[in-house]
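Taking it in order: structure first as structure tokens, then the write-up.
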Amino acid sequence: MTSNFLNESQAMWLDTVNRFMDNEITVEYVRKCDMAREYPYEAYEKIAREGWLGILIPEEDGGAGGDIFDYSLMAEGLGKYGFDFACSVLVPTFTAMNIIKFGTDEQKRKYVKPFIEGKIRFSVSISEPDAGSDAATTKTRARRDANGDWIVSGQKLWCSGAAAKNTTIAMLVRTNAEDKHGGLSVLLIPNDTPGLVINKLPTLSRHATGTTEIFLDEVRVPGDAMLGKEGLGWKIITEHLELERCSVAAAYVGNAQQAVTAAVRYAHERIQFKQPIWDFQVIRHMLADCQTQVDAARLLAYRAAQMAAAHVPCSREGSMAKLYGSETLKTCAMTGMQVLGGYANLPEADMERYLRESVQSTIGGGTSQIQKTIIAKSMRLGG
Ligand SMILES: Cc1cc2nc3c(=O)[nH]c(=O)nc-3n(C[C@H](O)[C@H](O)[C@H](O)COP(=O)(O)OP(=O)(O)OC[C@H]3O[C@@H](n4cnc5c(N)ncnc54)[C@H](O)[C@@H]3O)c2cc1C
């Protein structure tokens with residue numbers, strides 16, 4: 000189900016991505032990657048062949064020149080069988096936009112074409128052990144040596160996708176200890192850079208894309224690896240997070256919708272007390288509540304994406320979409336677990352994967368509490 004909100008070509012685009020997920024990727028493949036904790040390389044290559052990695056990249060840079068609304072619809076479709084799978088495409092694609100927006104001509108020449116072709120990917124590394132919600136407390140230090148190279152030392156945490164092959168990490172680092180926000184910069188660091196130690200973590204969620212800890216001990220990075228100017232890191236990351244929130248909100252909606260659809264199907268098939276459990280009003284009402292919440296989350300996601308596509312400031316609307324989408328995914332996956340009963344515990348029911356992903360969704364990209372803080376900041380008396 001989509002919504003009447005979409006025009007014909009948008010509805011066709013969402014339908015194309017949904018059918019691609021069903022026929023080309025398949026739920027079985029998504030489940031297998033999750034269970035084996037394997038990065039979905041095969042799917043990533045298929046998506047690259049479709050040209051979808053470059054959907055947001057302007058035509059003059061070799062991309063498809065789509066807008067954030069098109070991108071969000073893709074995210075909704077890709078999120079269908081689990082947010083983790085969507086992440087394997089969304090993290091590289093929204094991180095690539097930092098290079099489009101802030102990269103030098105040389106950086107664009109180096110990264111953009113191979114990225115669109117699926118030969119390289121990107122991760123974003125903001126978080127650290129002591130810098131979570133307060134991301135600007137980043138301690139990982141980068142200093143220039145006499146040759147103009149950057150020497151980087153510190154520890155990053157939770158960098159999703161950083162262990163996948165041919166990944167370049169957009170890493171937030173401190174270049175000035177005196178200035179909390181103005182002392183931050185972003186370096187582009189390939190994951191095979193000598194001295195970089197990347198460990199995949201055994202997390203509850205994000206099995207396939209994988210999330211990592213990264214240790215850097217005097218790692219040498221070329222002087223031209225800085226994205227934008229020195230001190231521009233906080234601006235880059237703030238803009239990055241706004242795009243991230245719009246797109247992940249749509250992926251949560253796709254995943255939440257699938258949780259509800261699967262639960263409705265099961266409720267019709269499962270017979271207890273000589274009747275489908277759907278015939279118990281209590282079950283129908285649980286699922287009606289979920290569908291209402293999914294529709295509301297979808298409208299919030301579409302509103303944020305529409306504003307972003309029109310270049311209207313939408314930090315508040317992006318946070319609302321992210322907040323409500325993630326909380327909706329959590330509610331729907333939890334309800335799905337209840338409706339599917341004991342069966343829900345098995346991987347082949349897929350619901351336990353949706354539940355695991357939902358637990359992370361209210362944390363990553365800024366927690367629900369941080370989204371509320373952003374929303375509250377925009378609220379004025381009488382406004
Ligand atoms: C699977 C996974 C993948 C991730 N992927 C990435 C990635 O690719 N790149 C990356 O950089 N990071 C990534 N993260 C990190 C994620 O962005 C952080 O976990 C998140 O920002 C929260 O930081 P924290 O975990 O340190 O929690 P903390 O900031 O320590 O928060 C702990 C609790 O305190 C609350 N809290 C904190 N500050 C406030 C406040 N001011 N007001 C009210 N409540 C507050 C929080 O809401 C939360 O409930 C990932 C995390 C996970 C688990």
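According to numbering that gives the first Met the number 0, the sequence shown is numbered sequentially starting from 0.
We treat Cβ as the ideally placed atom computed from N, Cα and C, and that holds for glycine.
Note that the coordinates shown come from a computational prediction; the quantities given were computed from them, not determined experimentally.
- With a cut-off of 7 Å, the C-beta of I24 is classified as distant from ligand 1, since no heavy atom of the ligand falls inside that distance.
- Under DSSP, K199 shares a beta bridge with T211.
- Spatial neighbours of A130 in its own chain (CB-CB distance under 6 Å, excluding positions within 5 residues in sequence) are listed in chain order as T136, T137.
- Contact check between the region 231 to 240 and the region 193 to 201: fewer than three CB pairs, one atom from each, fall below 8 Å, which does not count as touching.
- Residue burial is scored here from C-beta neighbours: I282 has at least 16 other C-beta atoms within 10 angstroms and is therefore classed as buried.
- The region 332 to 347 makes no contact with the region 93 to 110; the number of CB pairs closer than 8 Å stays below 3.
- For G232, the uninterrupted alpha helix (DSSP H) run begins and ends at 232 to 268, by DSSP.
- Between the alpha carbons of R379 and V247 lies a gap of roughly 27 Å.
- According to DSSP, G153 shares a beta bridge with L215.
- In the DSSP assignment, L77 falls within the unbroken alpha helix (DSSP H) covering 67 to 77.
- Only buried fits T174, as 16 or more other CB atoms lie within 10 angstroms of its CB.
- Proximity of the region 69 to 77 to the region 240 to 257 meets the contact definition, three or more beta-carbon pairs being nearer than 8 Å.
- Within the same chain, Cβ atoms closer than 7 Å to the Cβ of A258 are found at C331, A332, G335, M350, Y353, the five residues on either side in sequence being excluded.
- Judged by DSSP secondary structure, T15 falls outside any beta strand (DSSP E) and instead within the alpha helix (DSSP H) spanning 7 to 19.
- Taking the CA atoms as reference points, V263 sits about 51 Å from T103.
- Beta-carbon to beta-carbon, G324 and A304 are separated by about 11 Å, too far to satisfy the 8 Å threshold.
- For M350, the enclosing alpha helix (DSSP H) begins and ends at 350 to 360.
- When the beta-carbon positions are compared, S124 and A161 come within less than 8 Å of each other.
- Relative to ligand 1, the nearest heavy atom lies less than 7 Å away from the CB of Q359.
- Collapsing the DSSP output to three states places E127 in a strand.
- Ranked by Cα distance from A85, the options Y38, K107, A308 are led by Y38.
- Contact between L52 and G117 holds: their C-beta atoms lie close to 6 Å from each other, under 8 Å.
- DSSP places A163 outside both helix and strand once states are collapsed to three, so it counts as coil.
- Between the alpha carbons of E177 and M170 lies a gap of roughly 19 Å.
- Its chain contains S152, G194 as the residues whose beta carbon lies nearer than 7 Å to that of D216, once the 5 sequence neighbours on both sides are disregarded; these appear in chain order.
- Comparing C-alpha distances from I56 to each of D33, Y110, F82 shows the shortest one belongs to Y110.
- The beta-carbon separation of T192 and R120, rounded to 15 Å, does not stay under the 8 Å limit for a contact.
- The Cβ atoms of I115 and R219 do not sit closer than 8 Å to each other.
- In the displayed model, L187 falls within a strand according to three-state DSSP.
- If you look at A307, you'll find it in the alpha helix (DSSP H) that goes 280 to 308.
- DSSP places C313 outside both helix and strand once states are collapsed to three, so it counts as coil.
- The secondary-structure analysis by DSSP pairs A141 across a beta bridge with V151.
- When the five nearest sequence neighbours on each side are left out, the beta carbons in the same chain lying within less than 7 Å of the beta carbon of A343 are those of G335, M336, M350, E351, in order along the chain.
- In its chain, beyond the 5 residues on either side, L226, G227, I235 have a beta carbon closer than 6 Å to the beta carbon of F101.
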